[in-house]
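Chains as they are written, first to last, in the UniProt record's numbering: chain C, 1 to 543; chain S, 1 to 543.
A virtual CB, placed ideally from N, CA and C, is assigned to each residue, including glycine.
Some notes on the structure that comes next.
Protein chains: 2
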Amino acid sequence: MDYELTLTKTLRRAVDQFGDKEIVTKLDDGGYHRYTYSDAYERICQLAHALDDYGLDHGDRVSVMATNHYRHYELYYGPSCSGRSIHMTNHRLPDEHLTTIIDEAEDRVLFFDEAFLDTVERIAPELETVEQYVVLDESVPETDLDSVTDYESFIAGYETEYEWPDLDEDTECGICYTSGTTGLPKGASYSHRGLFLLSMNYGAKDTFGITEKDVILPVVPMFHVNGWCLPYSGTFYGSSFVLPGKHTDLEAVEAMIREQNVTVAAAVPTIWTDMANYIDEHPEADISTLDRILTGGSSPPPAVMRRFYEEFDAPIIQGYGMTEASPHLVNTLLTEKVRNLPEEKQYELQTKPGLPVPGAEIRLRNEKGEPVEHDGESNGEIQVRSPWVIDEYFARPEATAESFTDDGWFKTGDIGTIDEYGYLDVVDRVDDIIKSGGEWISSVELENEVVAHEKVVEAVVIGVEHDRWQERPVVYVNTNDDVSEGELKNHLLDRFPKWWLPDEFIFTDDIPQTSTGKYDKKILRSLFRDRYGSLPLENETAQ
Amino acid sequence: MDYELTLTKTLRRAVDQFGDKEIVTKLDDGGYHRYTYSDAYERICQLAHALDDYGLDHGDRVSVMATNHYRHYELYYGPSCSGRSIHMTNHRLPDEHLTTIIDEAEDRVLFFDEAFLDTVERIAPELETVEQYVVLDESVPETDLDSVTDYESFIAGYETEYEWPDLDEDTECGICYTSGTTGLPKGASYSHRGLFLLSMNYGAKDTFGITEKDVILPVVPMFHVNGWCLPYSGTFYGSSFVLPGKHTDLEAVEAMIREQNVTVAAAVPTIWTDMANYIDEHPEADISTLDRILTGGSSPPPAVMRRFYEEFDAPIIQGYGMTEASPHLVNTLLTEKVRNLPEEKQYELQTKPGLPVPGAEIRLRNEKGEPVEHDGESNGEIQVRSPWVIDEYFARPEATAESFTDDGWFKTGDIGTIDEYGYLDVVDRVDDIIKSGGEWISSVELENEVVAHEKVVEAVVIGVEHDRWQERPVVYVNTNDDVSEGELKNHLLDRFPKWWLPDEFIFTDDIPQTSTGKYDKKILRSLFRDRYGSLPLENETAQ
Numbered sequence: 001m002d003y004e005l006t007l008t009k010t011l012r013r014a015v016d017q018f019g020d021k022e023i024v025t026k027l028d029d030g031g032y033h034r035y036t037y038s039d040a041y042e043r044i045c046q047l048a049h050a051l052d053d054y055g056l057d058h059g060d061r062v063s064v065m066a067t068n069h070y071r072h073y074e075l076y077y078g079p080s081c082s083g084r085s086i087h088m089t090n091h092r093l094p095d096e097h098l099t100t101i102i103d104e105a106e107d108r109v110l111f112f113d114e115a116f117l118d119t120v121e122r123i124a125p126e127l128e129t130v131e132q133y134v135v136l137d138e139s140v141p142e143t144d145l146d147s148v149t150d151y152e153s154f155i156a157g158y159e160t161e162y163e164w165p166d167l168d169e170d171t172e173c174g175i176c177y178t179s180g181t182t183g184l185p186k187g188a189s190y191s192h193r194g195l196f197l198l199s200m201n202y203g204a205k206d207t208f209g210i211t212e213k214d215v216i217l218p219v220v221p222m223f224h225v226n227g228w229c230l231p232y233s234g235t236f237y238g239s240s241f242v243l244p245g246k247h248t249d250l251e252a253v254e255a256m257i258r259e260q261n262v263t264v265a266a267a268v269p270t271i272w273t274d275m276a277n278y279i280d281e282h283p284e285a286d287i288s289t290l291d292r293i294l295t296g297g298s299s300p301p302p303a304v305m306r307r308f309y310e311e312f313d314a315p316i317i318q319g320y321g322m323t324e325a326s327p328h329l330v331n332t333l334l335t336e337k338v339r340n341l342p343e344e345k346q347y348e349l350q351t352k353p354g355l356p357v358p359g360a361e362i363r364l365r366n367e368k369g370e371p372v373e374h375d376g377e378s379n380g381e382i383q384v385r386s387p388w389v390i391d392e393y394f395a396r397p398e399a400t401a402e403s404f405t406d407d408g409w410f411k412t413g414d415i416g417t418i419d420e421y422g423y424l425d426v427v428d429r430v431d432d433i434i435k436s437g438g439e440w441i442s443s444v445e446l447e448n449e450v451v452a453h454e455k456v457v458e459a460v461v462i463g464v465e466h467d468r469w470q471e472r473p474v475v476y477v478n479t480n481d482d483v484s485e486g487e488l489k490n491h492l493l494d495r496f497p498k499w500w501l502p503d504e505f506i507f508t509d510d511i512p513q514t515s516t517g518k519y520d521k522k523i524l525r526s527l528f529r530d531r532y533g534s535l536p537l538e539n540e541t542a543q
Numbered sequence: 001m002d003y004e005l006t007l008t009k010t011l012r013r014a015v016d017q018f019g020d021k022e023i024v025t026k027l028d029d030g031g032y033h034r035y036t037y038s039d040a041y042e043r044i045c046q047l048a049h050a051l052d053d054y055g056l057d058h059g060d061r062v063s064v065m066a067t068n069h070y071r072h073y074e075l076y077y078g079p080s081c082s083g084r085s086i087h088m089t090n091h092r093l094p095d096e097h098l099t100t101i102i103d104e105a106e107d108r109v110l111f112f113d114e115a116f117l118d119t120v121e122r123i124a125p126e127l128e129t130v131e132q133y134v135v136l137d138e139s140v141p142e143t144d145l146d147s148v149t150d151y152e153s154f155i156a157g158y159e160t161e162y163e164w165p166d167l168d169e170d171t172e173c174g175i176c177y178t179s180g181t182t183g184l185p186k187g188a189s190y191s192h193r194g195l196f197l198l199s200m201n202y203g204a205k206d207t208f209g210i211t212e213k214d215v216i217l218p219v220v221p222m223f224h225v226n227g228w229c230l231p232y233s234g235t236f237y238g239s240s241f242v243l244p245g246k247h248t249d250l251e252a253v254e255a256m257i258r259e260q261n262v263t264v265a266a267a268v269p270t271i272w273t274d275m276a277n278y279i280d281e282h283p284e285a286d287i288s289t290l291d292r293i294l295t296g297g298s299s300p301p302p303a304v305m306r307r308f309y310e311e312f313d314a315p316i317i318q319g320y321g322m323t324e325a326s327p328h329l330v331n332t333l334l335t336e337k338v339r340n341l342p343e344e345k346q347y348e349l350q351t352k353p354g355l356p357v358p359g360a361e362i363r364l365r366n367e368k369g370e371p372v373e374h375d376g377e378s379n380g381e382i383q384v385r386s387p388w389v390i391d392e393y394f395a396r397p398e399a400t401a402e403s404f405t406d407d408g409w410f411k412t413g414d415i416g417t418i419d420e421y422g423y424l425d426v427v428d429r430v431d432d433i434i435k436s437g438g439e440w441i442s443s444v445e446l447e448n449e450v451v452a453h454e455k456v457v458e459a460v461v462i463g464v465e466h467d468r469w470q471e472r473p474v475v476y477v478n479t480n481d482d483v484s485e486g487e488l489k490n491h492l493l494d495r496f497p498k499w500w501l502p503d504e505f506i507f508t509d510d511i512p513q514t515s516t517g518k519y520d521k522k523i524l525r526s527l528f529r530d531r532y533g534s535l536p537l538e539n540e541t542a543q
């Protein structure tokens, strides 16, 4: 049967079967905004009518710059299901990146939170395609912007039913841009088909097992790669939602979990590390309704994984993915075989991203494009394919040409290993691995071991040009107590050969980050080069 | 990304990620045949080479007439993944149906179990397209068949790797025929895409939650609508399998569950009713590894559902589907809302098939094609759509024209209701509902209530022509103890108005069934007409 896999169908399922499930938003006054899928649906229909009336054509895009709240949720469906596309923008991007991507995507309407008014006012004069600004609120604050209205006025008065078009499943439903750690952001355009399939997949017991009984708290921003696809998946399965608005501090997150009986929460690993500490300091804190936690971007420390598993009975499921993959490809799955291993080994394996989910495929290729052994040691570039992986960068033929193999796999730029259990581990970025005298040193493995030292809070390892060895590692370290370079070196020697040890230890409490909170190794490399040149340094120490 | 959803990818996932999981087959000598996905894969590759070598073109079909065993499993993948199609045939069909469908599907090779040699020998002279017979064994028994070989010889000596073609996801992977209760069997052709999606869906926690940890025992025949798609889904998720061969009696099923730690078993409701009794009579029986049970075709009695839920801790999940839907569309899901109801109400609701799974849609339409209220009472024809529902009958334009609406929904021919919880119930077949004086009487509801009487084993209600009321109900009853017509009438009056009561009660222990074990109402109607004509009967009682 020619049945197109569209987001419209996933939304209709929520409304028809779970119409009274709630979408709850944390408000700035401390209370909650609550409404149901049926309520949301009526407003999504109104939004679609408003876009028709505004004159937005099929295929046109709207920008959204917002925290996680119910109006943002409505924007996940109104434009896409009516044949347009949502461009989720990250307000933390540098202004020049924001203007570049909004112009490149030719966004015609920009929806934004009042909190980001300054940013919007700064970039507005440079924007070439945006004709209309819509504040995601009930009124418009004082502003110099032209053509501005508020969201409630924008959708007011329209019909609460809508005749959705029969879209081809390959139609674009949204676009996100990479955060641009290696150059200008690049656009990843998503199809209805891709997000339908990934959303369905999240319901699999061996993936995240999203069900209608779940109450999902996406702490991860909804602008960050489809909010890790959770808003789409939870809707498909009829889950309830708790949307934090701008309230993503630990106290607020704990309160939302407790007050709204949250079962699934999703956030970067640091939130969970901090939450474990927060609970120690706040005996009244209660996250007992949590059933499982989704995280990604990097590995949480094993001790934290273990604590959530054993003490809080809420396993942390780690995912691996990327903007180009909608984002999810791989996640922790304790297979039968792994469950039969000693407990310590199981926890060790849980720090790896794990196994590809159904519908996603991964492979490792060395520099010559040859397959790499699955022995947990040999490494190669991680290449992927899936219906929810892009097949080109939007309007960037050169970047596209560099990023796909001849046989159609996406080259992630990540270096990984696969072990005998089939578990993928990400050991580095192609750009970050350190080529020292013909051998490779993983910056990520070094970082993890430095951070494992009790006095270290953060560590970032970069490769620096070396006159003799081509490249050598240098580490930036942020500590919470006095610790000497010698102490850290001894710590590292427990695990690595001597030639892996960083040539320089630079102590600092100000490690630069990108707009999505990753350490900015590009900046660090450039800072180092500007300040010191190459290795070996002439002065004894770089500090 | 242009990533075709093919069974080849699901098979590769099992081999790459779960290559050492086992497929276990019960043998006739009482032992088990055991091998892994990796082993199976090598033989599937050999089979594909053998089909190449035989000269089978892409798109050609092979017939398979077999019980559930590992060679049958290999036939699920070898032909389909190499671009051919498997026609699963039901050996219980009448000979003339078998010859009709094998000729219509133009099957060129017929694989069959030695147990069905007689059938094959009988139909062989009539078959116009079959060129080669392959016995699913190590040798060929004495036979008059021409061009016959055994499976092991057929695949022997070929390479154990195969370069699978890049198939379009809409390529046919298999075909099944309806069992023909209402005329000649009709062919339902399945695409790789449809079975990929349904297989993925079975992993959803809210569907069946198939995982790699499961050990799946399909008692349901693998020729019966893709073995309810379990072989495909379990492979996708890397589950283990226990295949019963011809050993589907209670004693054998219980032994396989106990000996192989089966977690998921699938069979028609009568097996589970009988299993509950079997356990009472055999204190040493042990089905404690069972985690959940899949059933379909009709509702198990509520008392049995309850017993499995409470006593055996293995909920019976009831599905609704059909040959035309691969087959699965709807299953029991105790939603949050339902779990808050009184326990009795929950069990009552569990006797209904339940909610459509993600990717499947159902609607009810009355005789004028208008929507029907979702009040649990109003009924209409169940119409469905999904990527795994067919959009035509193979080579039957007239049947196709009758079976689809103008807007592309499949008309199931079932009459259903949907209640306030969204639960679908199937109350009758369009052909079986009894039109009495302008009102409808559900034959299924009457049957269920008659069977609910403790002295009744089976009951089938048919509509019979009536001189005044157009149609009136007549019931065929099989009892396990003396029970009078008056006693049954009183029993029915507890629940139904007087005009629903059957005009005739015919006591018999020989109710005719179709080849798939359904009661054959077509035969019953014809038997009644031949014997008695129309109602009211001239003689006082029909018996």
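So residue i and residue j are supposed to be a Cβ contact under 8 angstroms. How far apart are they, rounded?
i                      : j                 : result
residue 591 of chain S : Ser85 of chain S  : The question about residue 591 of chain S has no answer, for chain S in this structure spans 1 to 543.
Gly194 of chain C      : Trp388 of chain C : 4 angstroms
Val461 of chain C      : Glu447 of chain C : 5 angstroms
Ala250 of chain C      : Asp274 of chain C : Before going further, note that residue 250 of chain C is Leu rather than Ala in the sequence given. Contact flag correct, Cβ pair sits at about 6 angstroms.
Pro269 of chain C      : Tyr320 of chain C : In fact, because the Cβ distance is near 13 angstroms, the residues do not count as touching under 8 angstroms.
Pro502 of chain C      : Val475 of chain C : 4 angstroms
Going straight from the alpha carbon of residue i to that of residue j, what length do you get?
i                 : j                 : result
Glu392 of chain C : Tyr190 of chain C : 11 angstroms
Asp407 of chain S : Asp2 of chain C   : 11 angstroms
Val15 of chain C  : Asn331 of chain C : 29 angstroms
Arg529 of chain C : Val464 of chain C : 8 angstroms
His91 of chain C  : Asp425 of chain S : 50 angstroms
Which residues of chain C have a Cβ atom closer than 9 angstroms to the Cβ of residue i, listed in chain order?
i                      : result
residue 558 of chain S : With chain S covering 1 to 543 only, the question about residue 558 of chain S has no answer from this structure.
Gln386 of chain S      : It is Ser, not Gln, that sits at residue 386 of chain S in the sequence shown. Ordered by position in chain C, the residues that pass the 9 angstroms Cβ test against Ser386 of chain S are Met1, Tyr3.
Tyr237 of chain S      : Ala204, Lys205, Asp206, Pro358
Mind listing the chain S neighbours of residue i? Cutoff is C-beta to C-beta under 9 angstroms, in chain order.
i                 : result
Gln383 of chain C : Those within 9 angstroms of Gln383 of chain C in chain S number zero; the least Cβ separation is about 12 angstroms.
Tyr76 of chain C  : Within 9 angstroms Cβ-Cβ: nothing; Tyr76 of chain C doesn't reach chain S, min ~17 angstroms.
So who's on the other strand from residue i, going by DSSP bridges?
i                 : result
Ser442 of chain C : DSSP lists no partner for Ser442 of chain C.
Val64 of chain S  : S:Met88, S:Phe111
Arg385 of chain S : S:Glu361
Can you have a look at residue i and say buried or exposed, based on whether 16 or more other CB atoms are within 10 angstroms of its CB?
i                 : result
Glu284 of chain C : exposed
Ala360 of chain C : buried
Arg43 of chain S  : buried
Pro342 of chain C : exposed
Gln383 of chain C : buried
In chain S, which residues lie with their C-beta within 7 angstroms of the C-beta of residue i?
i                 : result
Lys213 of chain C : Glu336
Met65 of chain C  : The premise fails here: Met65 of chain C is roughly 28 angstroms from chain S at the closest Cβ pair, so nothing lies under 7 angstroms.
In chain C, what lies closer than 7 angstroms to residue i by C-beta?
i                 : result
Arg13 of chain S  : Pro358
Lys205 of chain S : Gly203, Lys205, Gly209, Thr211
Give a single yes or no on whether residue i has its beta carbon closer than 6 angstroms to a heavy atom of the ligand NAP.
i                 : result
Glu284 of chain C : This structure simply doesn't include the ligand NAP, nor any ligand for that matter.
Name the chain C residues that come within less than 8 angstroms of residue i, Cβ to Cβ?
i                 : result
Leu355 of chain S : Gln17
Along chain S, which residues have their Cβ under 8 angstroms away from the Cβ of residue i?
i                : result
Met88 of chain C : In chain order: nothing, as chain S lies at least about 20 angstroms away.
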